[in-house]
Each structure stands twice: as structure tokens, then as C-alpha cells.
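> Sharing a structure here in C-alpha cells format.
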Amino acid sequence: MSTLPGLSDDELDHHDPAFVADPWPTYQHLRRDRPVSHSNRYGGFWLITRYDDIVAAAADWSRFTSAVPGTLLIPSGMQRSFAFLPLEYDPPEHTVYRQLVAPVFSPRRVNALTGEIRGLAEQLLDPLLAAGGGDLATAFAAPLTSGALALFIGLPDEDKSLWVDLVRRSFEGSVRDHEDAARAGAEFRDYIDGLIAARRENRSDDLISLLLDSEVEGRRLTEDQIRGFTMLVLVAGHETTAAALSYSLWHLARHPADLERLREDRALVPSAVEEFLRLSSPVSIFARNAASDTEFQGCPMSAGEVVGLSFSSANRDEDRFDAPETCRLDRRPNRHLAFGSGIHFCLGAQMARRELSVALDVVLDSGRSLALDGEVCRKGRGDALALASLPIRFH
Numbered sequence: 003m004s005t006l007p008g009l010s011d012d013e014l015d016h017h018d019p020a021f022v023a024d025p026w027p028t029y030q031h032l033r034r035d036r037p038v039s040h041s042n043r044y045g046g047f048w049l050i051t052r053y054d055d056i057v058a059a060a061a062d063w064s065r066f067t068s069a070v071p072g073t074l075l076i077p078s079g080m081q082r083s084f085a086f087l088p089l090e091y092d093p094p095e096h097t098v099y100r101q102l103v104a105p106v107f108s109p110r111r112v113n114a115l116t117g118e119i120r121g122l123a124e125q126l127l128d129p130l131l132a133a134g135g136g137d138l139a140t141a142f143a144a145p146l147t148s149g150a151l152a153l154f155i156g157l158p159d160e161d162k163s164l165w166v167d168l169v170r171r172s173f174e175g176s177v178r179d180h181e182d183a184a185r186a187g188a189e190f191r192d193y194i195d196g197l198i199a200a201r202r203e204n205r206s207d208d209l210i211s212l213l214l215d216s217e218v219e220g221r222r223l224t225e226d227q228i229r230g231f232t233m234l235v236l237v238a239g240h241e242t243t244a245a246a247l248s249y250s251l252w253h254l255a256r257h258p259a260d261l262e263r264l265r266e267d268r269a270l271v272p273s274a275v276e277e278f279l280r281l282s283s284p285v286s287i288f289a290r291n292a293a294s295d296t297e298f299q300g301c302p303m304s305a306g307e308v309v310g311l312s313f314s315s316a317n318r319d320e321d322r323f324d325a326p327e328t329c330r331l332d333r334r335p336n337r338h339l340a341f342g343s344g345i346h347f348c349l350g351a352q353m354a355r356r357e358l359s360v361a362l363d364v365v366l367d368s369g370r371s372l373a374l375d376g377e378v379c380r381k382g383r384g385d386a387l388a389l390a391s392l393p394i395r396f397h
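Structure (C-alpha cells):
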């Protein structure tokens, strides 16, 4: 019997608490001995763990389709009949809709929000500095990314705690509390539908208004498409960036020399952000479906079977990265897969990078050192790695 976290009878349970706490030995074992493995957990799924194999599978959308709503995670975090636009589309539809929504994430829009994001980061950090510390996962990283998204999308500021809670319950609960996850998913949908209805009556300079006025081949977007894209931005943009920021601060608290190096040489911040993204890999596993009976690296897969791509495993692949477990603030090249690969590369990558860079700059500007001040806990999903708590003491 395996003693590796999450492995029992050679089957992976990526939501096993032991695996969630430390997935890296198990991923290393799978990359070496079973780079394409199968598990009967959660209805059954394949898992691909090597960098080159994942890049190949992500590029082969005709064999590994994304056009099955609700199967991005294993098990699904939200039961729904509508797709997350454009993530759950294949070409040619994907190409058309991605081109439509790409301007939403333009450098101009990201640059326009930088000052407000910095102001929000300072506003959140100041009381923590005054108190001598606090939980930087819940009191800094999470409200910063949700606040930045509220600015970006045009959501009422007073709604942040509502939709953040609904996102958390709908996805985390799908592993252990299916009924609550279903309730939260339905409430989240109702909340987004209410925003869409309000914008139909009263346009504004925001994301939903832009989508309502958009056309594809002379046709307006449907209600399902507007809902799907708005929900995707909230789900993908909040949890993942907050997770990467929490990891970055966790690393700096454990490695004060890296903190001082960044403080003294701010030109290193962009490459440090990339290294923190590689090591944190918030989107650990994204799923596709086998479009037909096929074979991949000698493994026969049946049509409809779920195929997981472990981006976090790829980001620590010894065949791709020198000393992959080591954090190198100046690592170059650093072609990590934290934002995915292929046609579904994350549209919000530049927004996430900007949030991380600004947040780190604000922490560095404080002149304070960071030290752990209690137990660091992880959240409960193994396909979306994140810290639930990060108690920090400033000195």
C-alpha cells in the first residue's frame, strides 16, 4: 500500500486532506512512474502529470474537448447547463467568443485600474500593520482580489462578501457538502441574473453592459452566455489570484532573505511574481473530456471519460525546470503553466500579474518584515490549491 499522500491502492484521491496539504511527493511519483494514470474516484478520471504531455493534450482540443459544461473540476464545483464562456467552448466557436471578450482584459483597462488597486492594497494593509499582524489570507489577499474584481467588473462594493461566500461554498462544498454547494451555486446564478437584469434597464461603464451591447455575427449574446462569462471572471479571477498572493507572502515570511532582496531590488518583482505563480499553481488540475475513443501515451481512453491536466505537477517537472522545488526570484526562462496552456490560456493573466505586483510593492514599501504567527491551513480542494489562513506577525 502506498504511503504517498492521496494514493490508496494506486488510485489518486486529490481531495484527500493529506494530499491537499502536500501534493508534491505524489506528483513527483506519478511523473516518474505513471505519468498518465487512472483513478476510479469521483466517477473516474485520467490524470496527466508531465509538462510536455500536458502541453500536447491542451493543444489537441479535437481529442480533448472543453465543450462539456460543468466538468472543469473533478468533481464539478457547480451543476449547470450553461457554459463558462469562452472556456467551455471549442473552436471555431471558442475563437469567435474569445476575440469578442479579449478587449475586456486590454492593457489599457488594466493600467487604468492600477492606482485604485494600489489604494485598496494600502487601505487593507494599514490596519494590519497597526495591529502588528493578522491573517493575510483572509484580511489582505482575499479582499484585495475581490475588491479589484469589483472595480474591474463594476460590481457594488457592498456585495463583495456575498458573492465571495457563494463562490467558496459552491466549489469547496462540492467535495464534502453537496447540498450546500448546490444551494450556493443556485444563489450565485440568481445573483448574477439580478445584475444582468439591472444592467438591461440601466447601462453603465462595466463588464455586463459591454456584454449586453456585444454582437457575434449580427446576434446579441444570450442570457446564458453573459451569465457564463461573468461567473467565470468572478470564479477564476478571485480564488486563483488570492491563492497566488497568499503563497507569495507565505514564502516571504519563511524566507526573509528573499523579502529583503526584493525590497532592495524592485526590478526583480516581475520575475518573482512569475516564480511565485509557478510554485503556487492555484489551478492545480483542469479537466477535459475525451471527444472519442482514443489513446494517449499508450493509455486507452473511452469517449466521454474525464481527463485531468495537472498544471501544478507540470510546473515542478524536473525535465522542464532546473531545481524545480527551489524558488529562484530571477528564474529565466520560466515558461510555467500557472495560467494554463493552448487556446484556453487565461485571459486575465495580465490583470492577475498586475494585482500581484502591486500588492507585493505595497508590502515591500511598508519596510516591515514578516514572520509566521500560527498554523497555516490549506483549503479543501486538491484541484485548486489555496491557503485558508496565513497568520503573520509584522516586525
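Numbered continuously in this note's numbering, the sequence shown closes out at residue 397.
We put the beta carbon where it would ideally sit given N, CA and C, even for glycine.
1) For the alpha helix (DSSP H) containing Asp260, list its first residue and its last residue.
2) Kindly indicate which three-state DSSP category Gly135 falls into: helix, strand or coil?
3) Using C-beta distances below 7 Å, list every residue in its chain close to Ala319, excluding the 5 sequence neighbours before and after it, in chain order.
4) Please look up how many angstroms separate the CB atoms of Leu387 and Ser314, rounded, as I've assumed it's under 8 Å.
5) Between which two residues does the alpha helix (DSSP H) containing His96 stretch?
6) Does the count of Cβ pairs from the segment 357-372 and the segment 237-251 closer than 8 Å reach three?
7) Could you compute how far the alpha carbon of Asp35 sits from the alpha carbon of Arg256?
8) Apply the 10 Å Cβ neighbour rule to Phe154 and answer buried if 16 or more other Cβ atoms are within range, or exposed otherwise.
9) Report yes or no: do the segment 246-254 and the segment 222-231 share at least 3 C-beta pairs separated by less than 8 Å?
10) Under DSSP, the alpha helix (DSSP H) around Arg280 begins and ends at which residues?
11) Taking Cβ positions, are Leu362 and Ile394 nearer each other than 7 Å?
12) Here's the rule I'm using: 16 or more other beta-carbon atoms within 10 Å means buried, otherwise exposed. How should Gly300 be labelled?
13) In the DSSP output, what is Ile287 paired with across the bridge?
14) For Glu189, which three-state DSSP category applies?
15) Should His17 be labelled buried (16 or more other beta-carbon atoms within 10 Å of its own) or exposed?
16) Alpha carbon to alpha carbon, what distance is there between Cys329 and Arg383?
17) Can you list, in chain order, the residues of its chain with a C-beta nearer than 7 Å to that of Pro88? Leave out the 5 residues immediately preceding and following it.
18) Could you check if Gly134 is buried or exposed, using at least 16 other CB atoms within 10 Å of its CB as the buried criterion?
19) Is Leu89 helix, strand or coil when you go by DSSP?
20) CB Ile194 to CB Ala150, shorter than 7 Å?
21) Mind checking whether Leu261 and Leu270 have CB atoms under 7 Å apart?
22) Grab the span of the beta strand (DSSP E) containing Thr296 for me, first residue to last.
23) From this set, Ser10, Phe47, Val169 and Lys381, which residue's C-alpha is nearest Val22's C-alpha?
24) Can you look up Val70 in the DSSP assignment and give me helix, strand or coil?
Reading it off the structure:
1) Pro258 to Glu266
2) strand
3) According to the sequence shown, residue 319 is Asp rather than Ala. Counting only Cβ-Cβ distances below 7 Å, and skipping sequence neighbours, we find Arg33, Arg52, Tyr53 and Pro326.
4) 6 Å
5) Glu95 to Val103
6) yes
7) 32 Å
8) buried
9) no
10) Val271 to Ser282
11) no
12) exposed
13) Ser312
14) helix
15) buried
16) 24 Å
17) His96, Tyr99, Arg100 and Val103
18) exposed
19) coil
20) no
21) no
22) Thr296 to Phe298
23) Lys381
24) coil
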